[in-house]
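Let me begin by presenting the structure, written as structure tokens, before commenting on it.
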């Protein structure tokens, strides 16, 4: 399940791609199948990195010659030289960070002049519903520490020399799932989720695996209304 629309990145041969907070590697795997020079996935979680490597070895490695590296690291102290990457991805990460502006500074630092930054965060209205339904949703260790107003985030990034070139919403079908999960958080936490939550979870798993066209069209139509994530694409106009 990808949040970034790779068609909007205009990837070309020779580009180096970095995914900051890569999780289990969904965008790293997708980027590795594009015609680029190198892909690097960075995450703070060692379990995430292990899963990302395993999935890459099992599902992706045989289909690409693109060099792929996974490394442990902190978004506030990226272990790369200035201007190293042509494309920098950061999806569903900044909402977890108390010092999100420090992370944006680092994203800018490692992005080359003229490079692309793609960022996604939870959309404000669906996120506020989750917070209203469950305190545990945003109080869990490592959870979300803020709700972004999309213009606030855009201003923070544009104030660092980036220009927004595109944007969209994503994952409309996931918003109701999280509302249900928050509504029944205690039951789900005890391992006793109600039937509706279990059924919705199975539906989403089926959708991710099969990606049926009618469901994709439905989600695309619903994204502007209830898309759980907002995605921005920026171009770095000044020097790194």
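In UniProt numbering, the protein residues as written are 1 to 240.
Heads up, the beta-carbon is just placed ideally off N, CA and C, and yes, glycines get one too.
- Based on the DSSP output, what are the partners of residue 38 in its beta bridges? Residue 38 has 16 as its beta-bridge partners, per DSSP.
- Message: Excluding the 5 residues flanking residue 179 on each side, which residues of the same chain have their C-beta closer than 7 Å to its C-beta?
- Response: Excluding sequence neighbours, residue 179 sits near 129, 130 and 133.
- Task: Select from 206, 94, 88 and 181 the residue whose C-alpha is nearest the C-alpha of residue 194.
- Result: Comparing Cα-Cα distances from residue 194 to each of 206, 94, 88 and 181, the minimum goes to 181.
- Query: Does DSSP classify residue 214 as helix, strand or coil?
  - Reply: Residue 214 falls in the helix class under three-state DSSP.
- Touching or not, the stretch 78–87 and the stretch 56–65, by the rule of three or more beta carbon pairs under 8 Å? These segments do not touch.
- Contact between the stretch 147–159 and the stretch 203–215 (3+ Cβ pairs under 8 Å): In the pairwise beta carbon analysis, the stretch 147–159 is classified as not touching the stretch 203–215: fewer than three pairs are separated by under 8 Å.
- Query: So what's residue 176 in DSSP terms, helix, strand or just coil?
  - Reply: In the structure shown, residue 176 sits in a helix (DSSP, three-state: H, G or I).
- Query: Starting from residue 122 and walking both ways along the beta strand (DSSP E), at which residues does that stretch end?
  - Reply: Judged by DSSP secondary structure, residue 122 falls within the beta strand (DSSP E) whose first and last residues are 111–122.
- If we call anything under 8 Å between Cβ atoms a contact, is residue 230 one with residue 169? In this structure, residue 230 places its C-beta atom within 8 Å of the C-beta atom of residue 169.
- Using 8 Å as the threshold, is the stretch 186–201 in touch with the stretch 103–119, meaning 3 or more CB pairs across them? Between the stretch 186–201 and the stretch 103–119, the count of Cβ pairs shorter than 8 Å is below three; the stretches do not touch.
- Query: What separation, rounded to the nearest whole angstrom, lies between the Cα atoms of residue 245 and residue 176?
  - Reply: Residue 245 is absent from the model: the chain starts at 1 and stops at 240.
- Message: With distance defined between alpha-carbon atoms, name the residue in 105, 135 and 167 nearest to residue 184.
- Response: For residue 184, the nearest C-alpha among the options comes from 135.
- Where does residue 22 fall in DSSP's three states? Here residue 22 sits in coil by DSSP.
- So residue 138 is in the alpha helix (DSSP H); what residue range does that whole segment cover? Residues 135–139.
- Might you give, ordered along the chain, the residues of its own chain that have their beta carbon closer than 7 Å to the beta carbon of residue 98, omitting 5 neighbours on each side? These residues qualify, in order along the chain: 145.
- Task: With a threshold of 7 Å, establish whether the CB of residue 62 neighbours any heavy atom of the ligand MN.
- Result: Annotation note on the ligand MN: not contained in the displayed structure, which lists no ligands.
- Cβ atoms of residue 32 and residue 39: under 8 Å apart, would you say? Cβ atoms of residue 39 and residue 32: closer than 8 Å.
- Between the stretch 70–79 and the stretch 121–128, do three or more beta carbon pairs fall short of 8 Å? They do not touch, by the three-pair rule.
- Item | residue 75 (DSSP reduced to helix, strand or coil) | Under the three-state reduction of DSSP output, residue 75 falls in the coil class, being neither helix nor strand.
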